[in-house]
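Accompanying notes for the structure given below.
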Amino acid sequence: MMRKVLMLMLVVLMTISVVGIATAQTSRYDVTQPITITWWHAHEDQWHEHLNYMVEEFHKQNPLITVEPVYIGAYVDINTQLIAAIASGDVPALCTANTSYPPSYGAAGICEILDPYIKAYNFDIKDFGEGLIASTSYENEQICLPYLISTQVMYYNQTMADAEGIKMPTTFDEMDAFLKKATVFNKDGSTARYGTVFGGWDYWYYEMLYKNNGVELVCA
């Protein structure tokens, strides 16, 4: 029988445990004997201090559960190794995944269905936003839980703006006027200074800009 990976993140596991203790509930899902579980993640070296802190706090609250975090690489690397692990029948207990992967995992039936756990511990799944719940569900069943959110922010050069009398936009409606004033062209028409630039993963930023300008996005 194929083992199923629990696409459930550590910070949420910790929350469920706290809820179970606070309500003094017992459940058939309670851990009664020491176990060790492996958690595959994509956090690079600079985040390991914070990751280890989370694991240590989890151990304090759940002394019977030992979590062994394993850095695999980027999300695509985790996906590749997870597929291989499923084929061999040796999968981790926990695994992080980008939001593009859960639908295929749900279709393949490789994830543990979390709804019974959520019900057993009276975990308030609605504490997450509607979009987060939808992106971690498959056919109305919760197959994973939200772990973290990437937030887009804009930085600007206050010194330059003050020197040139450029007012920073406070709404998306003001962005067009700002970009026209902040962008500088050379005599030959080439761009000497861009009004704004996006770093890597630029499609994330464009999605945010489109949606805030009333553009409906359709996945083909």
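Note that the sequence shown covers residues 122 to 341 in this note's numbering. Built from N, CA and C at the ideal position, the CB exists for glycine as well. Small disclaimer: the values here were computed from a predicted structure and weren't measured.
Q | DSSP three-state assignment for L215, whether helix, strand or coil | A | In the sequence shown, the residue the question calls residue 215 occupies position 94. L215 falls in the strand class under three-state DSSP.
Q) Do W325 and Q263 have their C-beta atoms closer together than 8 angstroms? A) The residue you call residue 325 lines up with position 204 of the sequence shown. The residue you call residue 263 lines up with position 142 of the sequence shown. In this structure, Q263 does not lie closer than 8 angstroms to W325 by Cβ.
Q: Quick one: using the 10 Å Cβ neighbour count with 16 as the cut-off for buried, is W161 buried or exposed?
A: Looking up residue 161 in the sequence shown gives position 40. By the neighbour-count rule (16 or more Cβ atoms within 10 Å), W161 is buried.
Q) alpha helix (DSSP H) containing T280: first to last residue? A) Position 159 of the sequence shown, counting from 1, holds the residue named residue 280. Counting along the chain, the alpha helix (DSSP H) containing T280 begins and ends at 279-285.
Q.
To the nearest angstrom, how far is the alpha carbon of A214 from that of E260?
A. Working through the sequence shown from its first residue, we reach residue 214 at position 93. Working through the sequence shown from its first residue, we reach residue 260 at position 139. The straight-line gap from Cα to Cα measures roughly 22 angstroms.
Q: Find out if the Cβ-Cβ distance for the pair P155, L172 is shorter than 8 angstroms.
A: Residue 155 sits at position 34 when you count from the first residue of the sequence shown. Residue 172 sits at position 51 when you count from the first residue of the sequence shown. No, the Cβ-Cβ distance between P155 and L172 is not below 8 angstroms.
Q: Quick one: grab the DSSP three-state call for A313.
A: Within the sequence shown, numbered from 1, the residue matching residue 313 stands at position 192. Three-state result, A313: strand.
(Q) So for Y331, helix, strand or coil by DSSP? (A) Numbered from its first residue, the sequence shown carries residue 331 at position 210. Here Y331 sits in helix by DSSP.
**Q.** Beta carbon of A384 nearer than 8 angstroms to that of Y174
**A.** Here the chain covers residues 122 to 341 and nothing more, so residue 384 does not appear.
Q. Nearest to A195 by CA position, among I158, C216, D283, Y315, is which residue?
A. Taking the sequence shown and counting its residues from 1, the one referred to as residue 195 is at position 74. With distances taken between Cα atoms, A195 lies closest to C216.
Q) Going by the beta-carbon positions, is the gap between A255 and I199 smaller than 8 angstroms? A) Against the sequence shown, residue 255 aligns to sequence position 134. Against the sequence shown, residue 199 aligns to sequence position 78. No, the Cβ-Cβ distance between A255 and I199 is not below 8 angstroms.
Q.
Between P237, W168, A303, which has its C-alpha nearest A284's C-alpha?
A. Within the sequence shown, residue 284 is the residue found at index 163, counting from 1. Per the Cα distances, A303.
Q: List the residues that DSSP assigns as beta-bridge partners of Q263.
A: Walking along the sequence shown from the start, residue 263 turns up at place 142. Bridge partners of Q263: S258.
Q) Taking C-beta to C-beta, are R231 and I239 nearer than 8 angstroms? A) Counting from 1 along the sequence shown, the entry for residue 231 is found at position 110. Counting from 1 along the sequence shown, the entry for residue 239 is found at position 118. The sequence given here has Ile at residue 231, not Arg. No, the pair does not count as a contact, with Cβ atoms beyond the cut-off.
Q. Can you name, in chain order, every residue of its own chain whose Cβ lies under 8 angstroms from the Cβ of M275, other than the five neighbours on each side?
A. The residue given as residue 275 occupies position 154 in the sequence shown. Counting only Cβ-Cβ distances below 8 angstroms, and skipping sequence neighbours, we find T317.
Q. Can you give the Cα-Cα distance for L338 and P224, rounded to whole angstroms?
A. Taking the first residue of the sequence shown as 1, we reach residue 338 at position 217. Taking the first residue of the sequence shown as 1, we reach residue 224 at position 103. Approximately 19 angstroms between the Cα atoms of the pair.
(Q) By alpha-carbon positions, which one of Y192, M296, L266, P290 ends up nearest to D166? (A) Within the sequence shown, residue 166 is the residue found at index 45, counting from 1. Nearest of Y192, M296, L266, P290 to D166, Cα basis: Y192.
Q: Answer yes or no: do I186 and I204 have a C-beta to C-beta separation smaller than 8 angstroms?
A: Sequence index remark: in the sequence shown, residue 186 carries index 65 (1-based). Sequence index remark: in the sequence shown, residue 204 carries index 83 (1-based). The answer is no: Cβ separation not under 8 angstroms.
Q: Following the continuous alpha helix (DSSP H) through H162, name the residue where it begins and the one where it ends.
A: Looking up residue 162 in the sequence shown gives position 41. It is not in any alpha helix (DSSP H) - H162 instead sits in the beta strand (DSSP E) that spans 156-162.
**Q.** Assumed close pair A82, M289 - CB separation to whole angstroms, cut-off 8 angstroms
**A.** Not covered by the structure: residue 82. The range shown for the chain is 122 to 341.
Q.
Spatial neighbours of A206 within its chain, please: C-beta separation below 6 angstroms, excluding the five flanking residues on both sides.
A. Here residue 206 corresponds to residue number 85 of the sequence shown, with the count starting at 1. If we look at A206 and ignore the five residues flanking it on each side, its Cβ neighbours are V212.
Q. Mind checking whether T257 and L266 have CB atoms under 8 angstroms apart?
A. On the sequence shown, position 136 is the one that residue 257 refers to. On the sequence shown, position 145 is the one that residue 266 refers to. Against a cut-off of 8 angstroms, the Cβ pair of L266 and T257 comes out as a contact.
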